[in-house]
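Residue numbers (this note's numbering): 88 to 364.
Have a look at the structure below before the remarks.
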Amino acid sequence: MDRVLAERLFQQFSQLVYQQCGIRLHEGKKALLQARLNKRLRATGIPSYEDYYHHITSGENPPEMVHFLDSISTNLTYFFRESQHFEFLENVALPQLIEIKVKSGVHRLRVWSAGCSTGEEAYGLAMCVLSRLDDPHKWDFRILATDISTRVLEIAAKGIYAAEKIKKVPPQLRQIHFIRRRNGNGEGEYEVSGNLRKLISFRRLNLNDRYPFKGPFDCIFCRNVMIYFDKKTQEELVNRLATYLSPGGYLFVGHSESLTGLSHPLVYVKPAVYRNG
88 MDRVLAERLF
98 QQFSQLVYQQ
108 CGIRLHEGKK
118 ALLQARLNKR
128 LRATGIPSYE
138 DYYHHITSGE
148 NPPEMVHFLD
158 SISTNLTYFF
168 RESQHFEFLE
178 NVALPQLIEI
188 KVKSGVHRLR
198 VWSAGCSTGE
208 EAYGLAMCVL
218 SRLDDPHKWD
228 FRILATDIST
238 RVLEIAAKGI
248 YAAEKIKKVP
258 PQLRQIHFIR
268 RRNGNGEGEY
278 EVSGNLRKLI
288 SFRRLNLNDR
298 YPFKGPFDCI
308 FCRNVMIYFD
318 KKTQEELVNR
328 LATYLSPGGY
338 LFVGHSESLT
348 GLSHPLVYVK
358 PAVYRNG
């Protein structure tokens, strides 16, 4: 018999998701939530939505709460998505940041991919920065890549992608940073080189929790994350991210996102790009 998610339980689960990670599930997401819950019921053997709600809110099953939040988050990405950001980073932001650091004698660059999904953004950022450094060996360059979903982080850490995922990667970068291989089905795929992978640390992080690091970061990419948040949560997140930006550092948000109407200290540079001072 098909299960039906009662309105009362939909509201309870929606409130739980909002409290845990700031994502607001409106009425139009009820079918999505029900489908994701059905998968978790099958995986756990729990018979009802009510029992599952008590199971994850009892405090006795933290791993299942993580699995539940994993199932709610949406992950659509590919290499160099919203390519204007990478072009601006490579041609404008990085030359500025590198010049400042060289003049001050500090050869250190830190980038944060917040909401990194399956890793394409983080690896793309690494390729972009390396292409701008005259001698990468002279630089202390690292990328922190975080996401709330352990499932996508496992994929990101492996660094293996289907051919269609890397179609926007220029041929010369493919040759340098990827190894062509075939999977068990004989299909072509690409593996990120070890030299690129070692620059990136993948970590699970809920952006609404305490951050276990100090920063600062020269660039923060937090794209297509805030579209799931209400205005209050968006404003809190932007102000929090701003405190982790170095002077002159850049924040990139998604092209469908806007900081208009939010109170924050960052300077507008161009659509979806902001700077700290």
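All residues carry an ideal CB built from backbone N, CA and C; glycine is no exception.
No experiment lies behind these values; they were computed from the predicted model shown.
For leucine 119, the number of other beta carbons within 10 angstroms of its own is below 16, and it is reported as exposed. Residue environment: arginine 310 is assigned as buried (16 or more neighbouring CB atoms within 10 Å of its CB, all protein chains considered). In the three-state reduction of the DSSP assignment, valine 356 falls in the strand class, which pools E and B.
Taking C-beta atoms under 8 Å as the contact rule, threonine 233 and alanine 201 qualify, at a distance of about 6 Å. Two segments are said to touch when three or more pairs of C-beta atoms, one from each, lie closer than 8 Å; by this definition the stretch 327-347 does not touch the stretch 113-128. Taken atom to atom, the span from the alpha-carbon of aspartate 227 to that of proline 358 is near 30 Å. Exclusion of the five residues before and after aspartate 305 leaves Leu184, Leu196, Arg197, Val198, Ser333 and Gly336 as the residues of its chain whose Cβ lies within less than 7 Å of its Cβ. Annotation: leucine 338 is outside any alpha helix (DSSP H); the continuous beta strand (DSSP E) that includes it extends over 332-340.
Closest option to tyrosine 298, judged by alpha-carbon separation, among Phe265, Ile235, Ile253 and Lys126: Ile235. In this structure, tyrosine 105 sits away from leucine 124, with a CB-CB distance that is not shorter than 9 Å.
Counting only runs of 3+ residues, the beta strand (DSSP E) found wholly inside the stretch 178-254 occupies 195-201, 227-234 and 247-249, in chain order. Judged by their CB atoms, glutamate 276 and asparagine 270 are nearer to each other than the 9 Å cut-off. Within a 10 Å sphere around the beta-carbon of alanine 122 sit fewer than 16 other beta-carbons, which makes this residue exposed. Beta-bridge annotation (DSSP): glycine 275 is paired with Arg269. Restricting attention to Glu94, Leu112, Leu103 and Gln102, the CA atom closest to the CA of tyrosine 315 is found in Leu112. Boundaries of the beta strand (DSSP E) around isoleucine 287: 287-291.
Linking leucine 346 to isoleucine 143 through their CA atoms gives a straight-line distance of about 34 Å.
For leucine 338 and histidine 194, the gap between their C-alpha atoms comes out near 20 Å.
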